[in-house]
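*Asks:* With this note's numbering, the residue at position 78 of the sequence shown is 863, and numbering never jumps.
Quick reminder that beta carbons are idealized off the backbone N, C-alpha and C, glycines included.
Note that this is a predicted model, so its numbers are computed, not measured.
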Amino acid sequence: MSSRTYGSAAMAVACAGAGAFLIPGQGVGGAVAPRGHAGPKAEATGATLSVAAPLALGTAAVAVACKRRTQTRAVQQRAPLLNGLEDAIQSRLEERLKRQHKIASEMQRNNDAFKKQLEEELASHMGLKDQLKTRIRALQTIYDDANDKLELSQSLSQKSKESCCELEDQVSDLERNLREVDSKNRARISQLEGEAKEKEVKLDQLNLATGRLQESIRELEETRQVEKKDASERESSRFARLCRSDRTRFKWPCSTMSQCSKSCAAAAINWRR
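Here is the structure:
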């Protein structure tokens, strides 16, 4: 037999005992006097009431205490499981969030180092380009001087022509080298820019995932608060219904009703604690 059935049975016994003591004209057997005949006189009515009222109140208090103890034990058994599950989910979410933050910071450091290396290589290539331009200008000056000398001296025309051919070959070689270097630099720059864009996309994805994790944590916290509030309201309404049912079930005189109210108030204070 469960504690709830036991409490109901005890309350029913208390009601039967109280009715037997309180209803005048009925004994233990419940015999009623026939019409026209006087029934047996109730003896010691005041003493019977003084004994029956504490007995009924004590029995009802025992039933209420048993029921409340069962409910408290069930709540205490469920609370550690819910708290353990909630702590496990919270710790797992925090670990995942820390891991995401660590990966994001590491990718940011790698991106900064890669960007710095790219800037250094670009500065080096720009310096090489300036050097090549300076050499081209110097060769162009030499070429102009050779042309002037060619016009001034016919005797040195052949040498000037040979020098001019050699200079032209050097210039063409330098220009070809410059074009190759420029094409390589452009290819390298485009490749580095593509890699930088990919890293930026990955970083944005990590930031979005971090935002979703934070939103999930907030939703879990709100759900937990709502569940706690609902549980508290359900317990309060259940206890209020229990008190109302206890008051309406027994038809006591005024003095006994005040004693019942005091018992309900004391039970409510203990329940809140």
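What distance in whole Å lies between the Cβ atoms of residue 959 and residue 917, which are believed to be in contact at a cut-off of 8 Å?
*Replies:* 7 Å
*Asks:* Between which residues of its own chain and residue 984 is the CB-CB distance below 7 Å, once the five residues before and five after are set aside?
*Replies:* 892, 896
*Asks:* Within this structure, are the beta carbons of residue 956 and residue 928 separated by less than 9 Å?
*Replies:* yes
*Asks:* Using only alpha-carbon positions, find the residue among 1001, 1023, 1007 that is nearest to residue 878.
*Replies:* 1001
*Asks:* With a threshold of 16 other CB atoms inside 10 Å of the CB of residue 873, please say whether the residue is buried or exposed.
*Replies:* Within a 10 Å sphere around the beta-carbon of residue 873 sit fewer than 16 other beta-carbons, which makes this residue exposed.
*Asks:* In three-state terms, what does DSSP make of residue 940?
*Replies:* coil
*Asks:* Using a Cβ-Cβ cut-off of 9 Å, state whether residue 851 counts as contacting chain C.
*Replies:* The chain labelled as chain C is not found in the depicted structure, where only one protein chain is given.
*Asks:* Kindly list the residues whose CB is nearer than 7 Å to the CB of residue 976, restricted to its own chain and excluding five residues on each side of it in sequence; keep chain order.
*Replies:* For residue 976, where only same-chain residues beyond five positions count, there are no Cβ hits under 7 Å.
*Asks:* For residue 875 versus residue 995, is the C-beta spacing smaller than 9 Å?
*Replies:* no
*Asks:* Tell me the rounded alpha-carbon separation between residue 1020 and residue 853.
*Replies:* Distance between the alpha carbons of residue 1020 and residue 853: 11 Å.
*Asks:* Give the single residue among 900, 1023, 935, 870 whose Cα lies nearest to the Cα of residue 1009.
*Replies:* 870
*Asks:* Taking the C-alpha atoms as reference points, what is the distance between residue 813 and residue 842?
*Replies:* No answer about residue 813 holds up, because its pLDDT of 39 lies below 50 and its placement is not dependable.
*Asks:* With distances taken Cα to Cα, identify the nearest neighbour of residue 915 among 991, 974, 963.
*Replies:* The shortest Cα separation from residue 915 among 991, 974, 963 belongs to 963.
*Asks:* Can you give the Cα-Cα distance for residue 953 and residue 919, rounded to whole angstroms?
*Replies:* If you take the alpha carbons of residue 953 and residue 919, they lie about 16 Å apart.
*Asks:* Between residue 982 and the ligand MN, is the CB less than 8 Å from at least one heavy atom?
*Replies:* The ligand MN is not part of this structure, which contains no ligands at all.
*Asks:* Select from 913, 900, 933 the residue whose C-alpha is nearest the C-alpha of residue 979.
*Replies:* 900
*Asks:* Between residue 889 and residue 993, which are expected to be in contact by the criterion C-beta below 8 Å, what is the C-beta distance as a whole number of angstroms?
*Replies:* Going by Cβ atoms, the distance from residue 889 to residue 993 rounds to 11 Å, so no, they are not a contact pair.
*Asks:* Measure the C-alpha to C-alpha separation of residue 972 and residue 867 and round it to an integer number of angstroms.
*Replies:* One C-alpha to the other measures close to 59 Å.
*Asks:* Whole angstroms is fine: what's the gap from residue 934's alpha carbon to residue 921's?
*Replies:* Distance between the alpha carbons of residue 934 and residue 921: 20 Å.
*Asks:* Just to confirm my understanding: we take residue 880, look at its own chain, exclude 5 residues before and 5 after, and list those with CB closer than 6 Å. What are they?
*Replies:* none
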